[in-house]
Amino acid sequence: MTNSILDSLSLPAKGEIEAAVRGQRELAAYLSTKMETQEISIQDADNVTHQIELPTSSLTLLMSILGELALGNAVQVVPVHAELTTQEAANILNVSRPHMVKLLEDGKLPFHKTGRHRRVLFADLMKYKDQRDSDSNKAMQELADLSQELGLY
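Numbering (full-length UniProt numbering), first residue to last: 1 to 153.
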């Protein structure tokens, strides 16, 4: 069985949540987005401190990850070019696998086949999800406006 991109998700423990809250706050206080790279210090198992130069973009991503962990959410970094199975894509959209397959077969999302298995690019799935969410928000706003016009709200 192949390893799934989303196999290793687990919720953070209480101590991890607390550390994420502190870490995000402290990182935000010192992070400069005006520099391409920045140096951080890290201690190894023998308490020896090492300086590491990292791209600022990776530290900004780390802040986002810490923010999610601080909320108690599981986090998984997925490369934009990653290919997902129909089940993985369905899980991300919170729909059933048969519904996901129907979306693919109806041309709502691009996909390709590896043998007889459908694969969806993560970037394409996120583009579809953003559009779906935008359409949903627009429809909800129109309903709210209509109910206000009719005096129902």
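Beta carbons: idealized from backbone N, C-alpha and C, even for Gly.
Counterpart residues of residue i in DSSP-defined beta bridges
i, result
"GLN38", "LEU54"
"LYS113", "ARG118"
"GLN43", "THR49"
"GLU83", "LEU121"
Cβ-based burial, residue i [other Cβ within 10 Å; buried from 16]
i, result
"ALA28", "exposed"
"GLN24", "buried"
"ALA144", "exposed"
"LEU84", "buried"
"GLY33", "A quick correction: the sequence has Thr, not Gly, at residue 33. Burial call: exposed."
"THR86", "buried"
Pairwise C-alpha distance: residue j and residue i
i, j, result
"ARG132", "LEU54", "35 Å"
"ALA70", "LEU150", "42 Å"
"SER134", "PRO79", "23 Å"
"LEU103", "HIS117", "15 Å"
"LEU146", "LYS14", "45 Å"
"LEU11", "GLU88", "18 Å"
"MET35", "SER58", "12 Å"
"LEU9", "LYS129", "21 Å"
"LEU93", "VAL21", "28 Å"
"ASP106", "LEU121", "17 Å"
"GLU18", "MET126", "30 Å"
"LEU61", "LYS108", "30 Å"
"ALA45", "ASN137", "49 Å"
"HIS50", "GLU16", "22 Å"
"ARG97", "ALA74", "22 Å"
Limits of the unbroken alpha helix (DSSP H) element including residue i
i, result
"ARG132", "122 to 149"
"LEU104", "97 to 105"
"LYS14", "14 to 30"
Contact belief for residue i with residue j at Cβ below 8 Å, rounded distance in angstroms
i, j, result
"ILE52", "ILE65", "Contact doesn't hold; Cβ gap of about 17 Å is too wide."
"ALA90", "HIS99", "7 Å"
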